[in-house]
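This note's numbering applies: residue 117 is where the sequence shown begins, and numbers increase by one. Since the structure comes first, as C-alpha cells, the remarks are kept for the end.
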Amino acid sequence: MTALVDRQKILAAAGSDKELAYKLRTYSGRVRFDLPEGAFDLVVEDGVPARAEEVHADLAADVTFSAPAEFWSTAFSAAVPPAGYESCVVGMTRGLRIVGDFGGTVAPWQSGWSRLYQVVRETVAGAPVRKPFQDPFRETDNAVGRYVYVSANGQEARIYYETSGHGPIPLLLQATAGADGRQYRHLLADPRMQERFTMYAYDLPYHGKSLPPIGVRWWEETYRPGRDGLINWVVAIADTLGLDNPYFMGCSVGGQLALDLAAERGDRFGAFISLNGWYGNPPLFDGFSNDMFRTPSIADSYAPALNFGATAPQAPEPNAHETYWIYRSAFPGIYAGDNDYFAYEHDLKENGHKIDAHAKPVYVVTGEYDPASDDDVNGGPAVEKFIPGAKFIKVAGLGHFAPCDDPIGFGDAIVPILDEVIAKAASAGQS
C-alpha cells in the first residue's frame with residue numbers, strides 16, 4: 117500500500133479541492149489516515165489541507181480515519197469502487213470509522229470528512245466517471261400541486277401532493293425517510309410514466325409542504341409516527357383522493373411501507389413496488405443510535421451528510437447534491453422518527469405471512485449500491501425467498517436514492533419493470 121499512497125499527491129488534490137474547502141470551512145486541526153502501511157496526517161487550516169506529515173506519537177489527531185487493512189486495499193483497488201466502499205458513510209458497514217470528538221468535530225463537519233475520503237480514495241484509485249446531468253423532460257414537466265385535508269390516527273392534516281399523467285392506473289409515490297415528493301419530480305415529468313399512470317407524489321404530515329397535523333402540539337413532543345401511523349396516513353390519502361386500486365411505490369422507508377401495506381392492507385391497493393426495501397431489520401454499524409438524529413448537541417447537518425454518502429458513485433453530480441439539498445431543508449427530528457420505523461419497526465418475519473403476492477404483485481427493486489441488494493437474510497433477496505410470488509430485481513449502477521440522484525437511470529430501469537407489474541396484475545384478474 118505504501119507504493120499506492122503518495123501523501124504529497126493527496127495533499128495537492130485535497131488542498132485544491134473547492135468542495136472540500138467549503139465543507140470544512142472554519143475547521144483547523146490534524147486529520148489522520150491510519151493506513152496499515154504509510155499512515156499520515158493532514159494539517160488543515162481553515163478548511164484547507166496545508167501540510168501532509170508523518171505520524172508522530174506526541175501529536176494527537178482531532179479526527180482519525182481507521183479501518184481494517186482489507187478495507188483500504190479494496191477501497192483503493194479500482195476507480196469504480198465495489199459496493200460498500202464508495203463513501204465513508206457506507207464504508208462504516210465494512211469497518212471504517214471516523215474517530216474523534218463526535219459532537220464537537222465529527223458530526224459538524226461530516227460533509228467535509230465524506231468529501232476528504234472521496235478525494236483520498238480517488239487520488240489513489242482514480243475517480244469513477246459520473247453520468248452527465250440530463251433534463252430531457254422539460255416539455256412535459258407539468259405536474260400540478262394541490263392541497264387536500266386528510267384525517268387519520270385521530271388527526272387532520274392539510275396534505276400537499278403533486279399529480280401528473282393521464283394513464284389509467286393511479287400510482288402513489290412515497291419518498292424516503294424525512295424527505296418529500298420533490299424526490300419524484302423527474303419521474304412525474306417522464307412521458308413514459310405519464311402514459312401509463314396518473315401519479316400522486318404526496319408529502320406526509322411534517323414533510324415538505326405538509327405541515328404538522330392541525331391541533332397537534334408538536335413543539336412539545338418527539339415525532340414518532342410508527343408503522344401503523346404511517347400505514348393509516350397512506351390509506352387515508354388514497355381514500356380522500358378517491359383512488360381505486362392504486363399502485364404504491366416507495367423508496368427506502370417507502371420501500372418498507374410498500375411491503376407492510378402489502379401485508380396489512382393488501383385489499384386497498386393494486387400492486388406494491390418496494391424500492392430498496394428490506395425483509396427484516398437492516399443491520400446497523402456498531403455504535404449506531406437513531407437518537408443521534410434528534411439530539412440537540414449533534415449538528416442537524418449530520419443526517420443529510422450521511423444520506424449524501426448513500427448516493428450512487430456514478431450518479432450525476434447535480435442530482436446527487438439535489439438529494440442532499442432536500443434533506444438539508446427538512447425539519448430536524450423528522451428523519452429520525454421515520455428512521456425509527458425503517459430500522460426497527462419493519463420486520464416481515466412478523467407479518468410477511470399475510471402477503472398474497474399472487475393476488476397483488478409485490479416487487480422489490482434495489483440498486484447495486486444499496487445494502488439491501490446483497491443481504492440474503494434480511495434484504496431484498498430475502499423477500500423473494502420467503503414471500504411466495506414476490507419478485508426481487510437488482511439494478512446495476514443505482515443506489516439508495518435512485519429516483520432522485522439518478523432519475524434518468526432510474527426511469528430507464530423502472531418503466532419496463534412497471535410494465536411487468538401491470539401485466540402480472542392483469543393476469544391476476546385486475547383491470
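Think of the CB as a built atom: it goes at the ideal place given N, C-alpha and C, for glycine as much as any other residue. Keep in mind it's a predicted model, so treat the numbers as computed, not measured.
Query	Result
Proximal residues to S227 (C-beta, below 6 angstroms), its chain only, five neighbours per side dropped	K139 and A421
For Q299, three-class secondary structure by DSSP	helix
Residues near N258 in its chain [Cβ-Cβ closer than 7 angstroms; skip 5 each side]	S280
Under 9 angstroms between C-beta atoms of I503 and L534	no
Whole-angstrom distance between Y339 and D454, CA atom to CA atom	8 angstroms
Among P321, G403, M365 and S405, the one whose alpha carbon lies nearest that of I389	M365
Spatial neighbours of E536 in its chain, beta-carbon cut-off 6 angstroms, leaving aside the 5 residues before and after	none
Minimum C-alpha distance to L158 - residue among R141, P152 and V179	V179
Per DSSP, the bridge partner or partners of T279	V260 and Y316
Per-residue burial, E500 [other beta carbons within 10 Å of its own, 16 or more giving buried]	buried
Inter-residue spacing [alpha-carbon to alpha-carbon] between T118 and A191	Unreliable placement is indicated for T118, whose pLDDT of 41 sits below 50; no coordinate value is reported for it.
Separation of T256 from E135, as counted between CA atoms	33 angstroms
Assigned exposure category for P321 - 16 Cβ within 10 Å defines buried	buried
Proximity winner among F156, P165 and F181, relative to H172 (alpha-carbon distances)	F156
Cβ neighbours of G242 in the same chain (closer than 7 angstroms, five flanking residues each side left out)	A195
Status (buried if at least 16 other CB within 10 Å, exposed otherwise) for F181	buried
Within 9 angstroms, strictly: CB atoms of Q290 and V350	yes
Reduced DSSP category for Q250 - H, G, I as helix; E, B as strand; rest coil	coil
Contact set for F526: own chain, Cβ-Cβ below 7 angstroms, skip 5 residues either direction	L514, A518 and P519
Whole-angstrom distance between A185 and D456, CA atom to CA atom	33 angstroms
Cα-Cα separation between A199 and G386, rounded to whole angstroms	33 angstroms
Enclosing beta strand (DSSP E) for R146 [first to last residue]	G145 to D150
Q299 versus T439 - alpha carbon distance	7 angstroms
Burial state of K540 (16 or more Cβ within 10 Å)	buried
Extent of the continuous beta strand (DSSP E) to which G366 belongs	Y363 to C367
Buried versus exposed, by CB contacts within 10 Å (16 or more), K476	buried
S193 versus D492, V121, N269 and S405, residue with shortest Cα-Cα distance	V121
Secondary structure of A119, DSSP reduced to three states	For A119, the predicted structure reports a pLDDT of 40, less than 50, and the residue's modelled location is therefore unreliable. The matter cannot be settled from this model.
Beta-carbon spacing of L288, P362 below 9 angstroms	yes
Residue nearest to H282 in terms of C-alpha spacing, selected from G216, N423 and M309	M309
Local conformation of G483 per DSSP, three classes	strand
Which of helix, strand or coil DSSP assigns to P532	helix
Three-state secondary structure assigned by DSSP to E156	Checking the sequence, you will find Phe at residue 156 rather than Glu. Strand at F156.
Alpha-carbon spacing of Y418 relative to W188, whole angstroms	24 angstroms
Enclosing beta strand (DSSP E) for G207 [first to last residue]	No beta strand (DSSP E) holds G207; the alpha helix (DSSP H) holding it covers C204 to G207.
Contact between the region 403 to 412 and the region 424 to 444 (3+ Cβ pairs under 8 angstroms)	no
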